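Colleague:
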Amino acid sequence: MAQDPGDSDLLFKALADPSRRTLLDLLYANDGRTLNELCEHLDMTRQGVTQHLALLVAANLVATKWQGREKLHFLNPVPLQDIYGRWIAKFERRRLKALNDLKRRLEKPNG
0 MAQDPGDSDL LFKALADPSR RTLLDLLYAN DGRTLNELCE HLDMTRQGVT
50 QHLALLVAAN LVATKWQGRE KLHFLNPVPL QDIYGRWIAK FERRRLKALN
100 DLKRRLEKPN G
């Protein structure tokens with residue numbers, strides 16, 4: 000299934016900011032955090048963190064769930080896997096094949 004170019008643009012825009020990448024790292028380390036828990040790790044206002052989270056949600060990198068009166072934030076790794084499959088894996092395969100071929104040549108007995 001082809002990804003909408005607008006989705007890719009939003010995804011890369013979300014990943015371009017170091018504060019948003021920090022939020023993703025925090026959620027990777029401990030998923031299901033509240034806004035207050037995330038704010039503790041960033042030197043910015045609560046409103047600033049909320050705006051960054053809104054962009055991450057719009058890019059489908061973060062999902063939210065209400066638990067009682069608290070809104071929990073969860074990392075959604077699917078868009079990152081899509082980036083990996085589309086932009087990284089296809090280049091990685093050739094490099095790994097070349098390393099495997101080199102390994103076989105070096106291990107081949109002489110004679």
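First residue of the sequence shown: 0, per numbering that gives the first Met the number 0; consecutive thereafter.
Heads up, the beta-carbon is just placed ideally off N, CA and C, and yes, glycines get one too.
Only a predicted model underlies this, so the values are computations on that prediction, with no experimental measurement involved.
#1: Helix, strand or coil for residue 58 per DSSP?
#2: How big is the Cα-Cα spacing for residue 95 and residue 104?
#3: At which residues does the beta strand (DSSP E) containing residue 69 begin and terminate?
#4: Would you please state the rounded distance, in angstroms, between the beta carbons of residue 70 and residue 44? I believe it to be under 8 Å.
#5: Relative to the C-alpha of residue 62, which candidate in 30, 12, 18 and 7 has its C-alpha closest?
Modeller: Once the coordinates are examined:
#1: Within the sequence shown, the letter at position 59 stands for residue 58. Looking at residue 58 - three-state DSSP - the assignment turns out to be coil, as it is neither helix nor strand.
#2: For the purposes of this step, residue 95 is taken as residue 96 along the sequence shown, with counting starting at 1. For the purposes of this step, residue 104 is taken as residue 105 along the sequence shown, with counting starting at 1. A direct Cα-Cα distance of roughly 14 Å separates residue 95 from residue 104.
#3: Position 70 of the sequence shown, counting from 1, holds the residue named residue 69. Counting along the chain, the beta strand (DSSP E) containing residue 69 begins and ends at 69 to 74.
#4: Indexing the sequence shown from 1 puts residue 70 at position 71. Indexing the sequence shown from 1 puts residue 44 at position 45. Incorrect: roughly 17 Å between the Cβ atoms, too far for contact.
#5: Looking up residue 62 in the sequence shown gives position 63. By alpha-carbon distance to residue 62, the top candidate from 30, 12, 18 and 7 is 30.
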